[in-house]
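Each protein sequence line maps, in turn, to chains B and L.
1 is the number of the first residue of the first sequence in the numbering used here; add one for each residue after it.
1001 is the number of the first residue of the second sequence in the numbering used here; add one for each residue after it.
The C-beta atom is built at its ideal place from N, Cα and C for all residues, glycine as well.
Only a predicted model underlies this, so the values are computations on that prediction, with no experimental measurement involved.
One structure below.
2 protein chains.
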Amino acid sequence: MPLNTQKPQRDREYLEKLQDYYAEHKVIPSYSVLAGLWGVSAKSWVSACVKRFEEAGFLGWTPDRQLKPGRRFFERRVADAPVHAGQPHAAAADGYDLVSSIDEMLVREPSKTELIRVKGDSMIDAGIHEGDFLVVERRHHASPGEVVVAIVDNEFTVKYLGKEREELVLRPANKAYPVIRPRGRLEIYGVMAGLVRKVFR
Amino acid sequence: MPLNTQKPQRDREYLEKLQDYYAEHKVIPSYSVLAGLWGVSAKSWVSACVKRFEEAGFLGWTPDRQLKPGRRFFERRVADAPVHAGQPHAAAADGYDLVSSIDEMLVREPSKTELIRVKGDSMIDAGIHEGDFLVVERRHHASPGEVVVAIVDNEFTVKYLGKEREELVLRPANKAYPVIRPRGRLEIYGVMAGLVRKVFR
DNA sequence: TAGGGTGCAGAACATTCGTTCGGTCATCGG
DNA sequence: CCGATGACCGAACGAATGTTCTGCACCCTA
């Protein structure tokens, strides 16, 4: 019995409207604004709904008793195909998993995490395309097999880290490019923690 | 002259404290709470600081005059190679762009956005690999050329949407797979808005 | 058709909010 | 030594907030 956001049937709709509002403004509005948002006209009703959302974990309170998003507020469904066509939204958790936010999924330590926009096609066989954003965790060491961001000739370069006779090398994932065997020390900027691609529309 | 958060010297500190508070609670607190957070004891002073942050773009207002994060509140650096090795963090905006959060970058309408875990390698030439998470915006129509999630034989399938003589078809990005020409109506579940790959470590 | 639960409206009220205005006390240039 | 400026405190006040309580029109079920 996973989700139970159907107690009053409109709660799901209310929650979605609030989530969209939050996505636009990044704040939880006041009860009167919420009432307008939901198309109801009684703050008392908003109060009741909020109480339900709170019990369900979608809303919470700061230590100062201000309303705030709860732990489940940013939950996003993850579908694992195959799923039945008729009811892809069925409450039954078949094929569904939950993820809090994409940020949380990819970023372990925000202060050590950066995005780097990928240039060129030297890693295309690893599914890393030009224009993609590489989520990079800054750190100066890495293990062979990891995708690393190294600094070569004053430029970032993204490659597999490899090892040849005790020497670290940078291997592209594209036969058209050569393996880079750095003279002296190899300067590693960080390692790949994830990848983000945005489809422009 | 890129950043100018130094007017009163403590403003940068105040902003960081507010950002930390927001990171924890996902809301902007009231002026009195802010005063406590900053270690000052006059709401009037908070009001003045807020006004400065507002002018600098770090804070803003909802249509209902509620304080909210401004466009620069979530700024995160994006490196655009090439960058000089010595100072990849230099304040000078050379090679840097700014992005708020990964979520915001990919998700326009949270309530209509889902993640689908990719199965198989039929889209590998488009850089969509098994295990990747497709960010899908739910909608029942799409234009040829877009990557769509369609429902075929009760399973999600990810393909390019194509057109052959007024008929919509599904094209894989892998020569080993055939073009799918659906009989009757093609059921589109959503369109690709982005892609997320997590590197497991 | 009586009765009990739901889904919402409306008013009353103490509390809290943000603003405005007038202070105080250091620092600093002249 | 003086006036200006900047950083902050404190009180007062109307407006807005969230809570509580009552009311009412619906269904259902009996």
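In this structure, the straight-line span from the alpha carbon of Glu-75 (chain B) to that of Phe-1133 (chain L) is close to 15 Å.
Scanning L:Gly-1060, L:Val-1147, L:Tyr-1021 for the CA closest to the CA of Phe-200 (chain B) turns up L:Val-1147. Under the 8 Å criterion on CB atoms, His-1141 (chain L) is classed as non-interfacial with respect to chain B.
Residue state for Pro-1110 (chain L) is assigned as helix, using DSSP reduced to three classes. At the C-beta level, Lys-1051 (chain L) and Gly-1060 (chain L) stay beyond 8 Å of one another.
Taking C-beta separations shorter than 7 Å and ignoring five residues to either side along the sequence, the partners of His-1140 (chain L) in its chain run Ile-1188, following chain order. If you check each beta-carbon in the stretch 26–40 of chain B against every beta-carbon of chain L, the ones closer than 9 Å belong to Lys-26, Val-27, Ile-28, Pro-29, Ser-30, Ser-32, Val-33, Gly-36. Beta-bridge partners assigned by DSSP to Ala-1150 (chain L): L:Thr-1157, L:Ile-1188. Taken through DSSP and simplified to helix, strand or coil, Phe-53 (chain B) comes out as helix. Close CB contacts of Lys-1017 (chain L) within its chain, under the 8 Å cut and outside five residues either way in sequence, are with Leu-1037, Trp-1038 (chain order). A direct Cα-to-Cα measurement between Ala-1150 (chain L) and Glu-1164 (chain L) gives close to 17 Å.
Assigned with DSSP and collapsed to three states, Val-46 (chain B) falls in helix.
Beta-bridge partners of Lys-1068 (chain L) (DSSP): L:Gly-1060. Taken through DSSP and simplified to helix, strand or coil, Ile-1124 (chain L) comes out as helix. Listed by position along chain L, the residues whose Cβ is nearer than 9 Å to that of Ala-193 (chain B) are Lys-1198, Val-1199, Arg-1201. Here the C-alpha atom of Pro-1029 (chain L) lies approximately 41 Å from the C-alpha atom of Val-158 (chain B). In this structure the stretch 173–183 of chain B touches the stretch 119–128 of chain B; the number of beta carbon pairs closer than 8 Å is three or more.
Val-1135 (chain L) sits in a strand when the DSSP states are folded into three classes. When Cβ-Cβ separations below 8 Å define contact, Val-46 (chain B) makes no contact with chain L. The continuous alpha helix (DSSP H) containing Glu-1013 (chain L) extends over residues 1011–1025. At least one beta carbon of chain B lies nearer than 8 Å to the beta carbon of Lys-1068 (chain L).
Between Leu-115 (chain B) and Gly-1184 (chain L), the alpha-carbon positions lie close to 44 Å from each other.
Against chain L, the CB of Gly-127 (chain B) has a partner CB under 8 Å away; the residue lies at that interface. Between the alpha carbons of Ala-1042 (chain L) and Cys-49 (chain B) lies a distance of about 35 Å. In this structure, the CA atom of Tyr-1160 (chain L) is about 8 Å from the CA atom of Pro-1144 (chain L).
Between Ala-56 (chain B) and the set B:Arg-72, B:Lys-119, B:Arg-65, the nearest pair of CA atoms involves B:Arg-72. Proximity of Glu-1054 (chain L) to chain B, defined by a Cβ-Cβ separation below 8 Å, is not satisfied. Between the alpha carbons of Arg-108 (chain B) and Val-40 (chain B) lies a gap of roughly 40 Å. For Lys-1163 (chain L), the beta-bridge partners assigned by DSSP are L:Leu-1168.
DSSP places Gly-194 (chain B) within a strand segment (E or B) once states are collapsed to three. Burial is judged here by how many other beta carbons sit within 10 angstroms of a residue's own beta carbon; Gly-194 (chain B) has at least 16 and is buried. Annotation for Tyr-1021 (chain L): Pro-1029, Leu-1037 place their beta carbon closer than 7 Å to its own, counting only its chain and skipping 5 residues before and after.
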